[in-house]
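Numbering (this note's numbering), first residue to last: 982 to 1264. Each residue gets a CB set at the ideal place from its N, CA and C atoms; glycine is no exception. One structure is given below, encoded as structure tokens.
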């Protein structure tokens, strides 16, 4: 792509270029920035443009409003998964999760509020994650009888070790900024309301190094990790499709949707609510 060509945003992805940095914002307030299939495809479209811009050194990925992302859009799961799910899933993952790891730019995720499920996975696929001290993440896939996806079964064990990864994936509990930083899940923590300043400070530090050196370090760190992530993402998609065919999945999803509707005293929200505890008691 010619450097003079502008990166085009979409309905759900807002972009803003500032010299050598492009700010990419998940912006769909109706679903609290849920990473629906449409959101994934639109993000993939934006990232593919950015990857070809040799004048852009950094990508800052964030979510509009008070949350980074509420996770997957539950409306898409009510009727099970479509027949082309595995193919579509691979297209979405290769264009987003894998693209973030492979693109030449250094990607910084700035997280405020909550990042849930696949939304948290998008943040963790970045090169560096900066969060406000009151931010938190959780991976609630199993609470609806679903399987972890978006690379979480590979990313979390690599970042945290198998024991803590199992804890988060089995229980769906929240992990706060302090614990996430202490365990090596994220890079930096800043005070509430100071995220933009913290990201700008990090960019200033990174600009002391030439783009080529940063890119090579990124490649070296990811030499084996990217291969594992690619294989893991493929396996997740295949097993996810099988899991969605089970009666247990449909039962748990229906109960989660009902619970969320009761807790919000409103029609079933279109996406996972990061403030809703979707614990389901089976006995």
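For residue i, I'd like the list of residues in its chain whose CB is within less than 7 Å of its CB, leaving aside the five on either flank, ordered along the chain.
i: residue 1157; result: 1117
i: residue 1219; result: 1067
Within the same chain, show all residues whose beta-carbon is closer than 8 Å to that of residue i, passing over the 5 residues directly before and after it, in chain order.
i: residue 1141; result: 1149, 1164, 1165, 1166
i: residue 1078; result: 1102, 1103, 1106, 1131, 1132, 1210, 1214
i: residue 987; result: 998
i: residue 1010; result: 1045, 1046
Is the beta carbon of residue j closer than 8 Å to that of residue i?
i: residue 1026; j: residue 998; result: no
i: residue 1268; j: residue 1119; result: With the chain represented from 982 up to 1264, any question about residue 1268 goes unanswered, as that position is not in the structure.
i: residue 1091; j: residue 1111; result: yes
i: residue 1080; j: residue 1207; result: no
i: residue 1053; j: residue 1015; result: yes
i: residue 1039; j: residue 1201; result: no
i: residue 1063; j: residue 1196; result: no
i: residue 1049; j: residue 1099; result: no
i: residue 1113; j: residue 1204; result: no
i: residue 1170; j: residue 1159; result: yes
i: residue 1069; j: residue 1018; result: yes
In its own chain, which residues sit with a C-beta less than 6 Å from the C-beta of residue i, not counting the 5 before and 5 after it?
i: residue 1115; result: 1173
i: residue 1135; result: 1209, 1210, 1213
i: residue 1109; result: 1089, 1168
i: residue 1101; result: 1118
i: residue 1161; result: 1167
Under the assumption that residue i contacts residue j (Cβ atoms under 8 Å), give the Cβ distance between them as a whole number of angstroms.
i: residue 1006; j: residue 1043; result: 5 Å
i: residue 1045; j: residue 1008; result: 4 Å
i: residue 1129; j: residue 1217; result: 7 Å
i: residue 994; j: residue 1023; result: 5 Å
i: residue 1123; j: residue 1151; result: 7 Å
Any beta carbon from chain D within less than 8 Å of residue i's own beta carbon?
i: residue 1005; result: Of the protein chains in this structure there is only one, and it is not chain D.
Could you check whether the segment 1177-1195 touches the segment 1017-1034, counting it as contact only if at least three pairs of C-beta atoms, one from each stretch, sit closer than 8 Å? no
At what residue ranges does the segment 1086-1140 contain a whole run of the beta strand (DSSP E), taking only runs of 3 or more? 1087-1092, 1095-1097, 1109-1113, 1117-1119
So, does the segment 1056-1075 touch the segment 1092-1111, judging by three or more C-beta pairs under 8 Å? no
Would you mind listing the beta strand (DSSP E) stretches within the segment 1131-1206 that are 3+ residues and don't spill past its ends, in chain order? 1169-1171
Could you pull out every unbroken alpha helix (DSSP H) segment of at least 4 residues lying fully inside the segment 1009-1091, listed in chain order? 1018-1032, 1066-1076, 1078-1083
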